[in-house]
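> Everything in the sequence shown is counted per the numbering used here, starting at 20 for the first residue and increasing by one. One structure, as structure tokens, below. Some questions next.
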Amino acid sequence: MNFKTYPKGYRQIDVIDFVRSRKQLLTVNIAALATVVVMLALGLLLHPFAPTWALLKAHWWAWLALAGMYLLYIPLHELTHGLLMHALSGVKPKYGFKLCYAYAGSHVYFDKFSHNLIALAPLALWGCVLFALERTLPAEWFWLIYLIQISNVSGSAGDVYCVLYLYRMPQDIVIQDTGTRMRILAPRPTNEEAK
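See below:
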């Protein structure tokens with residue numbers, strides 16, 4: 020169940036904060052960088068860069084297409100989070116930038132399932148769309164699309180981190196994700212459980 024206000028009978032048990040926690044910030048950024056390196060290596064093993072380079076050398080508009088796709092991808096990623104937040108709560112999300120992060124956030128307290136769905140939706144949705152484009156467009160377009168795919172996967176490092184962080188927590192927690200900070204709440208123990 021999702022709550023529009025602080026749920027009665029809950030208490031905060033943890034926080035994920037990519038701005039104030041140096042450890043969490045470094046973990047996510049190292050994971051993102053490692054993802055870029057691994058995906059670049061795999062891409063080069065499976066697909067030569069030469070056809071894409073020939074396209075880029077021959078057509079100036081190919082550079083504009085690549086830049087345009089990058090500029091479009093970031094808002095689409097965050098809009099995907101935001102549309103799900105709105106669909107699951109009826110509350111309009113907020114969008115913004117903080118440090119190196121673009122974000123969609125909400126003051127709603129989402130249950131674990133809803134939070135995980137919101138967190139992983141852009142990775143899954145845009146991953147499938149980009150994969151389909153990689154397979155259907157001519158070979159010279161592969162790297163233009165694959166570079167966006169690398170951004171999709173590496174840019175989702177924070178989302179995946181949150182889902183993994185919450186994995187071992189109880190099912191009845193709720194999470195308030197305001198963009199770069201997540202408050203994790205759990206039901207207060209009853210008097211009998213506290214003994």
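No residue lacks a Cβ here, since even glycine has one placed at the ideal position from N, Cα and C. Quick caveat, the model's predicted, so the values are computed rather than measured.
Cα separation between Pro206 and Tyr120?
Taking the straight line joining both Cα atoms gives about 31 Å.
> Under a CB-based cut-off of 9 Å, is Gln43 close to chain C?
The chain inventory of the structure shown lacks chain C, comprising one protein chain alone.
> With DSSP as the reference, identify every bridge partner of Tyr114, one or two as the case may be.
Its beta-bridge partners are Ala123.
> Apart from the five residues on each side of it in sequence, which residues of its chain come closer than 7 Å, Cβ to Cβ, to Lys23?
Ser108, Val110, Val127, listed in sequence order.
> Just curious, the alpha helix (DSSP H) that Gln43 is in, first and last residue?
Unbroken alpha helix (DSSP H) run through Gln43: 41-65.
> Which residues in the same chain have their Cβ closer than 6 Å to the Cβ of Ile203, if we skip the five residues on either side of it in sequence?
Ile32, Asp33, Ile192, Ile194.
> Do Met104 and Phe129 count as a contact pair if the criterion is CB distance below 9 Å?
Against a cut-off of 9 Å, the Cβ pair of Met104 and Phe129 comes out as a contact.
> Comparing C-alpha positions only, which one of Tyr186, Tyr165, Pro208 sits nearest to Tyr92?
The residue with the shortest Cα to Cα distance from Tyr92 is Tyr165.
> If you draw a straight line from the alpha carbon of Ala2 to that of Phe37, how long is it in whole angstroms?
Outside the displayed span of the chain (20 to 214) sits residue 2, for which this structure offers no information.
> Is Val193 helix, strand or coil by DSSP?
The answer is strand: DSSP assigns Val193 an E or B state.
> Tyr89: buried (16+ other C-beta within 10 angstroms of its C-beta) or exposed?
Classification for Tyr89: exposed.
> So, Phe161 versus Pro26, is the Cβ gap smaller than 9 Å?
It is not a contact, given that the beta carbons lie outside the stated cut-off.
> Is it right to say Met20 is buried, meaning 16 or more other beta carbons lie within 10 angstroms of its own, or is it exposed?
Exposed is the call here.
> Can you check which of these residues, Tyr180, Ala81, Met188, is closest to Leu44 by C-alpha distance?
Closest option to Leu44, Cα to Cα, is Tyr180.
> Does DSSP put Leu183 in a helix, in a strand, or in coil?
DSSP places Leu183 in helix when its eight states are reduced to three.
> Under a three-way DSSP split, which group does Val34 fall into?
Correct three-state label for Val34: strand.
> List the whole-angstrom C-beta distance separating Val57 from Ala176, where the pair is believed to meet the contact cut-off of C-beta under 8 Å.
With a Cβ gap of about 12 Å, Val57 and Ala176 do not count as contacting.
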